[in-house]
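Here the structure is laid out as structure tokens; the discussion comes afterwards.
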Amino acid sequence: MQVSFACTDHGLKAPRNGEHSKQNATSPNTTTHARTRFRTVALIARSLGSFTQRYHHNLKESTAKLTGLVVWLFFSPQVAEQLMTIAYDSGVNLFDTAEVYSGGKAEIILGNIIKKKCLKGSLQRMQLEYVDVVFANRTDSNTPMEEIVRAMTHVINQGMAMYWGTSRWSAMEIMEAYSVARQFNLIPPVCEQAEYHFFQREKVETQLPELYHKIGVGVVSWSPLACGIITGKYDNGIPETSRASMKPYQWLREKIMSEDGKKQQAKLKELAHIAEKLGCTLPQLAIAWCLRNEGVSSVLLGSSNPTQLTENLGAIQVIPKMTAGIASEVDHLLGNRPHSKKDYHH
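Residues 1 to 346, numbered by UniProt numbering, are exactly what the sequence shown covers, in order.
Right, dumping it as structure tokens:
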């Protein structure tokens with residue numbers, strides 16, 4: 001089981017030792033309270049622009065959404081600091097990292113930047129002793145579910161995290177974790193990290209909505225630009241300085257150059273016309289399209305330079321323009337809208 005971390009600055013105090021165990025962890029009141037608090041985190045993590053600190057106590061007044069920043073840190077600490085500063089100054093307060101990013105260096109660099117910047121009291125409150133959300137990635141499917149849920153509950157009860165979520169889990173696995181938590185008076189997951197973009201829709205749009213409505217599990221989506229494919233930079237081949245040109249990303253190169261990849265590029269050219277009509281770029285359209293989904297709590301961005309990050313953050317201004325008509329037009333061009341259970345009832 002791999003673990004990734006999300007650090008946010010949302011003004012909530014870390015739980016004291018045993019705080020979650022004082023009550024039934026999955027009783028209606030406690031569970032609802034936990035989900036409400038996490039949704040507060042998610043909403044703040046989605047808010048940008050007009051959403052300022054004074055609105056943090058009345059989230060219903062704002063419909064703004066914001067994204068999180070994935071701290072991969074394949075680049076220098078100086079660039080990482082620059083990107084994190086731009087992101088935080090723009091309203092982003094969700095930073096996602098994992099031990100597999102840059103061989104563990106990403107976590108060290110993230111901690112050093114937080115120490116240096118003292119981002120709005122994060123250092124004083126956190127002291128880097130806990131993170132807000134711990135994500136469990138089931139790399140070993142043989143690990144008993146009860147063991148995973150107990151481990152995550154222990155992490156939270158020890159004050160090292162406030163919530164836990166899942167990453168790349170199936171809807172059935174998430175429901176199993178929730179059932180185990182109820183059975184043994186443990187703490188259930190509150191969100192799932194899932195890939196979601198124009199060309200990857202099935203799981204988020206057909207499998208997870210039921211969990212969102214029944215038990216409140218939201219989606220923290222990643223790769224909204226499909227590893228850069230949706231930026232449009234590959235429409236005339238593989239640029240020498242692109243990710244797909246690097247040896248470790250041979251799989252991406254092959255994907256782009258395949259027949260399906262060429263068809264995707266053709267569809268992106270058509271989608272670019274919709275973006276132009278809305279007065280935005282194709283990446284901004286793609287990110288706003290992800291955020292318009294009610295079950296998506298936050299979209300994680302991976303940026304390699306300030307210009308790219310600033311452009312992507314501009315997607316927040318596009319969300320109000322994502323009307324039902326525009327969404328329908330996008331669906332028509334993509335031709336890949338999955339059928340949900342609700343569709344079959346009509």
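Cβ coordinates follow ideal geometry from the N, Cα and C atoms, glycine included.
Task: Same chain, Cβ closer than 6 Å to aspartate 331, neighbours up to 5 away in sequence not counted - done: Arg337
Task: C-alpha gap between tryptophan 222 and glutamine 183, whole angstroms - done: 31 Å
Open item on the list: Judging by CA-CA distance, which residue of Val296, Gln250, Glu311 is the nearest neighbour of serine 303?
Closed with: Glu311
Task: Backbone CA spacing between alanine 80 and methionine 162 [nearest angstrom] - done: 25 Å
Task: Secondary structure of serine 298, DSSP reduced to three states - done: strand
Task: Cα-Cα separation, alanine 266 to isoleucine 229 - done: 12 Å
TODO: May I have the straight-line CA-CA distance separating leucine 301 from glutamine 308, to the nearest angstrom?
DONE: 10 Å
Task: Separation of valine 180 from valine 217, as counted between CA atoms - done: 15 Å
Open item on the list: Assuming contact is defined by CB atoms lying nearer than 8 Å, are proline 224 and tyrosine 249 in contact in what I supplied?
Closed with: no
Open item on the list: Given a cut-off of 8 Å on the beta-carbon distance, is the pair isoleucine 156 and threonine 166 in contact?
Closed with: no
- [ ] Would you mind reading off the limits of the beta strand (DSSP E) that contains aspartate 235?
- [x] Neither: aspartate 235 is in no beta strand (DSSP E) and is coded neither H nor E.
Open item on the list: My assumption, with CB atoms under 8 Å, is that methionine 145 sits in contact with glutamate 176. Please give the rounded CB distance.
Closed with: 5 Å
Task: Close beta carbons around leucine 282, own chain, < 8 Å, minus the five adjacent residues each side - done: Ile230, Thr231, Gly232, Leu268, Leu271, Ala272, Ala275
- [ ] Measuring alpha carbon to alpha carbon, tell me which of Ile187, Ala87, Gly295, Ser90 ends up nearest glutamate 205.
- [x] Gly295
TODO: Alpha carbon to alpha carbon, how far is glycine 159 from threonine 105? Give it in angstroms, no decimals.
DONE: First, the amino acid is wrong: residue 105 is lysine here, not threonine. Approximately 24 Å, taken between the alpha carbons.
Open item on the list: Among Glu329, Arg138, Trp289, whose alpha-carbon lies nearest the alpha-carbon of alanine 171?
Closed with: Arg138
Task: Distance, serine 258 Cα to isoleucine 114 Cα - done: 42 Å
Task: Pairwise C-alpha distance: alanine 87 and alanine 286 - done: 19 Å
TODO: Pick helix, strand or coil for residue 349, following the three-state DSSP scheme.
DONE: Coverage of the chain is limited to positions 1 through 346, which leaves residue 349 absent and any answer about it impossible.
Open item on the list: Between which two residues does the alpha helix (DSSP H) holding serine 179 run?
Closed with: 171 to 183
Open item on the list: In the DSSP assignment, the beta strand (DSSP E) including glycine 261 goes from what residue to what residue?
Closed with: Careful: glycine 261 lies outside any beta strand (DSSP E), inside the alpha helix (DSSP H) at 259 to 278.
Open item on the list: Please classify glycine 91 as buried or exposed, where buried requires at least 16 other C-beta atoms within 10 Å of its C-beta.
Closed with: buried
Task: Anticipated Cβ contact below 8 Å, leucine 110 with threonine 97, distance rounded - done: 5 Å
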